[in-house]
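Participant: 50 is the number that the UniProt record's numbering gives to position 50 of the sequence shown; each next residue is one higher, with no gaps.
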Amino acid sequence: MSVKEKFKRTGAFVIDFSIVKMFAQVLIGGVYYAIMGVSLRHPQASGLLSSYGEAALPILLAICVFILIIFIGMYLGYHWVCYRYLGNSLARFFMRVNVVSRADGKPVDKKTYFEREFYKIALCVCTIGIYALYSAAQLYAFERSPYHDNRYSTRVDVD
Numbered sequence: 001m002s003v004k005e006k007f008k009r010t011g012a013f014v015i016d017f018s019i020v021k022m023f024a025q026v027l028i029g030g031v032y033y034a035i036m037g038v039s040l041r042h043p044q045a046s047g048l049l050s051s052y053g054e055a056a057l058p059i060l061l062a063i064c065v066f067i068l069i070i071f072i073g074m075y076l077g078y079h080w081v082c083y084r085y086l087g088n089s090l091a092r093f094f095m096r097v098n099v100v101s102r103a104d105g106k107p108v109d110k111k112t113y114f115e116r117e118f119y120k121i122a123l124c125v126c127t128i129g130i131y132a133l134y135s136a137a138q139l140y141a142f143e144r145s146p147y148h149d150n151r152y153s154t155r156v157d158v159d
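#1: Ignore the nearest five residues each way along the sequence and tell me which others in residue 117's own chain have a CB closer than 6 Å to its CB.
#2: Label residue 126 either buried or exposed according to how many other C-beta atoms from any shown protein chain fall within 10 Å of its C-beta, with 16 as the threshold for buried.
#3: Just the C-alpha distance for residue 42 and residue 63, rounded to the nearest angstrom, thanks.
#4: When DSSP labels each residue in this structure, what does residue 81 get in the three-state scheme?
#5: For residue 71, does the count of other Cβ atoms within 10 angstroms reach 16, so buried, or fall short, so exposed?
#6: Mind checking whether residue 91 and residue 28 have CB atoms under 8 Å apart?
#7: Tell me the residue span of the alpha helix (DSSP H) that contains residue 117.
#8: For residue 93, which residues of its own chain have a beta-carbon under 6 Å away from its beta-carbon, when the five flanking residues on both sides are left out?
#9: Report the partner residues of residue 100 according to the DSSP bridge assignment.
#10: Between residue 23 and the rest of its own chain, which residues show a CB-CB distance below 6 Å, the 5 nearest in sequence each way excluded?
#11: Using the rule of at least 16 other Cβ atoms within 10 Å of the residue's Cβ for burial, across every protein chain shown, is residue 25 buried or exposed?
Structure (structure tokens):
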């Protein structure tokens, strides 16, 4: 595979990622508005998400995981629609990047295509999201500051 082909594949992934991000932002905004609506209608529930609530961090972690799952689902849904109508993703279609099998050079079947896309997006999104979950769990369980907060401490101690 040539360098040009590798850049085209990487560019296609970034373009597809950006397209899905636009669609996912609408759903994520809906989740936020639903949470705000529940907290406004039920003031006792808003105490769960206050900065001093015991359940605030686990609830926020669950929301983060839910958002990651929404994004992965949107990405797979986007690729399902594109594969059904174009036989490829939108960015690959316009950049003329073919999805072929590594072994024989023939176009991949539907199952292999979706397995590749699932592994690609799950590893990408979960790698990005796992640090936030890990640092929040460390703070919640052991009261350790996140690793990125060592140089410029922004942690405020409340007396």
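For every residue, glycine included, the Cβ atom is placed at its ideal position computed from N, Cα and C.
Facilitator: Let me spell this out:
#1: 79
#2: exposed
#3: 18 Å
#4: helix
#5: buried
#6: no
#7: 110 to 142
#8: 86
#9: 107
#10: 74
#11: exposed
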